[in-house]
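Engineer:
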Amino acid sequence: MAGVRKRLVTAAAVTAVLGSLLAATPASAAESVDWQPCADAPGVDCAAVTVPVDWAHPDHGTTSVALARRKATDPQARIGSVLMDPGGPGGSGTEQVKTGWSLSPEITRRFDTVGFDPRGVGASTPISCGLEELIADHPRMPRNQAEFEQLAEYNRKLGESCNRLSGPLGQFGDTKSVARDMDAIRVALGEPKLTYYGVSYGTLMGQQYAELFPDKIRALVLDSNMDHSQSTAAEFLISETRSVQAEFGEFVAWCNRTPSCALHGRDVSKLTRDLQDKAARGELKDPQSEEVIEPLDLASIFQGNFYTPSWGRLANVLKSLADGTAPAASARLRGEIPINYVFQSVFCDDWRMPVHNFAELETYRRVAAAFAPDVKVNSLGWRAVTGCIGWPNHTSNPQHPLQVHGAPPLLVLSSRYDPATPYAWSQAVARQTGNTLLTYDGWGHGAYFKNSACVTKATDDYLITGKLPAPGTHCAAVEPPVTALAAQPPSTIGF
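Numbering (the working numbering), first residue to last: 5 to 499.
1. Please report the straight-line C-alpha distance between G391 and E366, rounded to a whole angstrom.
2. Measure the CB-CB distance between V379 and V296 and report whether it falls below 8 angstroms.
3. Can you find the residues in the same chain that come closer than 6 angstroms, C-beta to C-beta, to S165, ignoring five residues on each side of it along the sequence?
4. With a threshold of 8 angstroms, are at least 3 pairs of Cβ atoms found where one atom belongs to the region 146-161 and the other to the region 109-120?
5. Between the alpha carbons of A372 and Q212, how many angstroms are there, rounded?
6. Say whether the region 349-359 touches the region 391-407, bearing in mind that this needs 3 or more beta-carbon pairs closer than 8 angstroms, one atom from each stretch.
7. Among residues of its own chain, excluding the 5 on either side of L300, which ones have a beta-carbon nearer than 6 angstroms to its beta-carbon?
8. What three-state label does DSSP hand W447 in the structure shown?
9. Provide the residue span of the alpha helix (DSSP H) that contains S170, from first to last.
10. So, does the region 70-88 touch the region 197-209, judging by three or more C-beta pairs under 8 angstroms?
11. Could you tell me which of S68, F240 and R73 sits nearest to W386, measuring between CA atoms?
12. At which residues does the alpha helix (DSSP H) containing Y205 begin and terminate?
13. Cβ atoms of V346 and G94: under 8 angstroms apart, would you say?
14. Around the Cβ of T103, are there at least 16 other Cβ atoms within 10 angstroms (buried) or fewer (exposed)?
15. For F176 versus D49, is the C-beta distance shorter than 8 angstroms?
16. Ends of the alpha helix (DSSP H) at L241?
17. What are the start and end residues of the beta strand (DSSP E) that includes D50?
18. Mapping DSSP to helix, strand and coil, what is S400?
19. Please go through the same chain and pick out, in chain order, the residues whose beta-carbon is closer than 7 angstroms to the beta-carbon of Q431, but skip the five residues on each side of it.
20. Where does D63 sit, in a helix, a strand or coil, going by DSSP?
21. Would a C-beta distance cut-off of 8 angstroms place S268 and T262 closer than the cut-off?
22. May I ask you to verify whether the region 123-130 touches the region 300-317, counting CB pairs closer than 8 angstroms and requiring at least 3?
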């Protein structure tokens with residue numbers, strides 16, 4: 005558990021948020037934005053917008069939502085602002101903009117790039133949770149009912165500490181509240197209608213904005229979608245795990261056709277299953293640190309390297325584990341995508357997927373594993389579901405099929421092989437909203453950031469002109485590099 009403790013201590017620097025939803029008119033609470041140069045980012049302006057903690061009761065206190073802006077590079081061609089969110093939940097849009105995150109030069113020429121930190125996150129008014137509760141040892145993959153109850157107790161105590169330390173904001177951070185904040189930002193920016201790009205969990209913000217404010221949309225890009233109609237823990241875990249297994253198959257095919265792959269010529273599936281067996285017996289160790297690699301750690305290695313994808317690096321790590329050698333990067337690759345308490349708090353407020361006992365959880369794990377004989381489990385999906393076991397707050401924004409009426413055309417994007425938000429989820433969102441799905445026939449999370457000129461042009465054309473690609477448009481895969489990392493979406497903490 006030492007590695008887990010270390011990762012959780014690191015996560016303690018991040019803020020969390022819980023929440024609820026209800027109606028109010030965001031425009032009534034909005035203000036103009038007082039932009040000032042960011043002290044820590046030359047060329048970037050910083051600001052904040054004040055919004056109600058509880059949109060149903062605007063007089064019950066306020067909270068601050070942080071913004072960061074890079075101005076359009078061609079003022080004469082400027083169309084407006086594009087609001088962007090990097091996902092998570094818990095990703096900081098302001099930090100991403102400060103470090104250069106943006107869409108293509110065609111977009112940055114015509115639009116101000118505006119990132120925001122959802123309520124409770126980053127530079128926005130923070131939520132605090134107890135450090136002792138956060139770093140307490142707990143079973144991540146329970147093996148019996150006693151460990152299941154220990155996990156539930158850990159989650160309960162952590163959630164109670166967030167409630168105790170965070171004040172009223174701790175109860176109002178669900179994604180529908182964030183969507184209302186987005187409309188307040190739109191009004192404060194002076195934009196008659198919203199232009200938005202959301203990736204990963206940022207798509208749920210965009211989806212729920214479209215439900216609440218369909219007539220306030222100029223253009224909405226939803227890249228790598230959450231499917232909020234996934235109704236049960238079993239359904240969620242199975243779809244997540246199948247997505248990772250699908251990319252594993254693509255990784256094996258790449259290794260077979262790529263002589264420079266460290267596992268070229270070897271039976272990658274057999275090697276992986278042998279590693280899984282060793283991890284299940286508690287016999288798999290990091291060759292560099294000698295720390296035991298548990299099954300969920302091994303799953304995280306796959307998950308983290310499938311995002312970009314970084315297949316060459318993954319092959320090196322698997323070879324080192326199988327051969328007992330120590331590549332320089334092996335220690336960095338453990339737990340590549342931790343689920344910190346920002347993620348857990350928000351996710352449990354947006355998703356109601358109860359798991360009542362160990363027998364039920366173990367059944368779900370076994371069923372999911374049957375669809376994924378090599379990777380066994382999606383570490384991100386597992387941690388999302390198990391992180392809500394015992395969570396003390398009610399789910400204020402539970403799942404439902406999307407109900408979007410009166411909105412202009414929306415653009416839905418997805419990679420065909422996405423390890424975090426399955427392709428089927430984007431298909432469902434396109435179907436539920438009656439919109440076009442643009443498919444990148446390649447790999448990884450965040451289709452816009454996969455160096456596909458086809459995806460970039462189709463998305464940029466939509467953002468600039470409102471014109472959608474033809475229904476059923478597919479963009480060819482771009483072969484991943486062997487060593488160098490490709491462009492990727494900024495979210496590395498979750499969806």
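Ideal Cβ positions, reconstructed from N, Cα and C, are used throughout, including at glycine.
Bear in mind that the values here come from a model prediction, so they are computed numbers and not experimental data.
Structural biologist: According to the data block:
1. Counted from its first residue, the sequence shown places residue 391 at position 387. Counted from its first residue, the sequence shown places residue 366 at position 362. So the alpha carbons of these two residues sit roughly 15 angstroms apart.
2. Locating residue 379 in the sequence shown gives position 375, counting from the first residue. Locating residue 296 in the sequence shown gives position 292, counting from the first residue. Not a contact, by the Cβ cut-off of 8 angstroms.
3. Reading the sequence shown from its first residue, position 161 is the one you call residue 165. Excluding residues within five positions, the ones whose Cβ falls inside 6 angstroms are C133, G134 and E137.
4. no
5. The count along the sequence shown starts at 1 and reaches residue 372 at position 368. The count along the sequence shown starts at 1 and reaches residue 212 at position 208. Answer to the nearest angstrom: the Cα atoms are 29 angstroms apart.
6. yes
7. Start at 1 with the first residue of the sequence shown, and residue 300 comes out as number 296. Correct list, in chain order: R144, M145 and S383.
8. Locating residue 447 in the sequence shown gives position 443, where the first residue counts as 1. The answer is strand: DSSP assigns W447 an E or B state.
9. Position 166 of the sequence shown, counted from the first residue, corresponds to residue 170. Segment Q149 to S170, the alpha helix (DSSP H) holding S170.
10. yes
11. Counted from its first residue, the sequence shown places residue 386 at position 382. When only C-alpha atoms are compared, the closest one is F240.
12. Sequence index remark: in the sequence shown, residue 205 carries index 201 (1-based). Y205 to L216 is the span of the alpha helix (DSSP H), which, as asked, contains Y205.
13. Here residue 94 refers to the residue found at position 90 of the sequence shown. Here residue 346 refers to the residue found at position 342 of the sequence shown. The answer is yes: Cβ separation under 8 angstroms.
14. Within the sequence shown, numbered from 1, the residue matching residue 103 stands at position 99. Classification for T103: exposed.
15. Taking the sequence shown and counting its residues from 1, one reaches residue 176 at position 172. Taking the sequence shown and counting its residues from 1, one reaches residue 49 at position 45. In this structure, D49 does not lie closer than 8 angstroms to F176 by Cβ.
16. Here the question's residue 241 lines up with position 237 in the sequence shown. Counting along the chain, the alpha helix (DSSP H) containing L241 begins and ends at A237 to R261.
17. Locating residue 50 in the sequence shown gives position 46, counting from the first residue. Before going on, a small fix: residue 50 reads as Cys here, not Asp. Start and end: D49 to P56.
18. Your numbering for residue 400 matches position 396 in the sequence shown. Correct three-state label for S400: coil.
19. Walking along the sequence shown from the start, residue 431 turns up at place 427. Result list for Q431: L441, in chain order.
20. Against the sequence shown, residue 63 aligns to sequence position 59. D63: coil per DSSP, three-state reduction.
21. As a first step, residue 268 is located in the sequence shown; it is residue number 264 there, counting from the start. As a first step, residue 262 is located in the sequence shown; it is residue number 258 there, counting from the start. One detail in the question is off: residue 268 reads as His in this sequence, not Ser. The answer is yes: Cβ separation under 8 angstroms.
22. no
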